[in-house]
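Asker: Note that the sequence shown covers residues 83 to 310 in the numbering used here.
Virtual Cβ for every residue (Gly too), placed ideally from N, Cα, C.
Please read these numbers as outputs of a predicted model, since none were measured by experiment.
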Amino acid sequence: MGKYAILRSYLIYLKNLDITELPKTPSIERFLSEIKKPKRFIVNEETLKEEVLNCAACPLSQTRKTAIFGEGKLSAKILGILDYPRRDEELQGLVITGGYRTMLQRLLQTLASNLEEVFLTHAVKCRPYNDRPPEDEEVLACKEHLVKQIQMIKPKVILCFGSTPIKSFLGIEKKITLNEARKTTFNFEGIPVFFTFHPEDMTKNPQVRRLIWEDLQRVKECLKKELS
């Protein structure tokens, strides 16, 4: 058992005893300072692609046909993160396909006149069986790939579509809804992170289009400041 698993078990034990506070000793101070430091990865695109395509970190590796690395240039100013590949994406090797792709392109034109300024990827790189939403463990297993992509691309802003990326950035313990996440600008290693609806949601509820538009205006203002 790793040290973090041991610590988690110990904290659960203390919680069961109704102990909710601990003295901040020098040892605890050192531990907290370590876990707050973001892990830095040094990796190039080809190496990371190989890692993603050959990943076996979760059960999705047993059922996928291929993993979807992403689309776009590493010089992109905007990183768009969708939730996970569906059947058509897996078959075509694209992040998003069909009418949803057209919708997304129109939305992104609000932020970038040239779509080469956008890199697209998924929070979870492999298609879950039968297009079901990914399990929490599958999201967390894929997080390291996503972090490496962010550190490699160094975008000015990150725009997430759908609820799955919330777990990638905010963890699975915080049960934050998409509507709650939309109202706040988060930060990942100094990069502003925004959340909005998936293009698929616009077909289910026409009012979502207006809400996405409002979210994109906030992203646009932030991007303008980041580029100035």
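What's the call for Ile117, buried or exposed, on a 16-neighbour Cβ count within 10 Å?
Answerer: Confidence in Ile117 is poor, its pLDDT being 47 and thus under 50, which makes the residue's placement unreliable; the coordinate value appears in the next sentence. That one is exposed.
Asker: Run the CB neighbour count on Lys307, radius 10 Å, all protein chains shown included, and call it buried at 16 or more, exposed below.
Answerer: Result: exposed.
Asker: For Asn269, report the span of its alpha helix (DSSP H) as first-last.
Answerer: Taken as a continuous stretch (DSSP letters only), Asn269 belongs to no alpha helix (DSSP H), being part of the beta strand (DSSP E) at 268-270.
Asker: Kindly indicate which three-state DSSP category Leu161 falls into: helix, strand or coil?
Answerer: Three-state result, Leu161: strand.
Asker: For Val239 versus Cys304, is the C-beta distance shorter than 8 Å?
Answerer: Taking 8 Å as the Cβ cut-off, Val239 and Cys304 qualify as a contacting pair.
Asker: Do three or more CB pairs link the stretch 168-183 to the stretch 247-265 at distances below 8 Å?
Answerer: Output reads no: the stretch 247-265 does not touch the stretch 168-183.
Asker: Helix, strand or coil: how does DSSP classify Val239 here?
Answerer: Three-state result, Val239: strand.
Asker: Compute the Euclidean distance between the alpha carbons of Glu262 and Lys256, then round it to the nearest angstrom.
Answerer: Each residue's alpha carbon lies about 11 Å from the other.
Asker: Label Leu189 either buried or exposed according to how many other C-beta atoms from any shown protein chain fall within 10 Å of its C-beta, with 16 as the threshold for buried.
Answerer: With 16 or more Cβ atoms within 10 Å of its Cβ, Leu189 is classed as buried.
Asker: Have a look at Asn126 and Leu241 and give me their C-alpha separation to the nearest angstrom.
Answerer: Looking at the two C-alpha atoms, the distance is approximately 22 Å.
Asker: For the 8 Å Cβ check, are there 3 or more pairs between the stretch 161-179 and the stretch 198-211?
Answerer: Output reads yes: the stretch 198-211 touches the stretch 161-179.
Asker: Can you give me the start and stop residues for the beta strand (DSSP E) that Pro274 sits inside?
Answerer: 273-278 is the extent of the beta strand (DSSP E) around Pro274.
Asker: With DSSP collapsed to three states, give me the class of Phe251.
Answerer: In the structure shown, Phe251 sits in a helix (DSSP, three-state: H, G or I).
Asker: Any idea if Pro288 is buried or exposed, counting beta-carbon neighbours within 10 angstroms, 16 or more meaning buried?
Answerer: Its Cβ having fewer than 16 others within 10 Å, Pro288 is exposed.
Asker: Measure the C-alpha to C-alpha separation of Asn269 and Thr246 and round it to an integer number of angstroms.
Answerer: Each residue's alpha carbon lies about 17 Å from the other.
Asker: Between the alpha carbons of Lys265 and Val301, how many angstroms are there, rounded?
Answerer: Approximately 12 Å between the Cα atoms of the pair.
Asker: Would you verify that the beta carbon of Lys225 is, or is not, closer than 8 Å to some beta carbon of chain D?
Answerer: Of the chains in the structure shown, none is chain D; there is only one protein chain.
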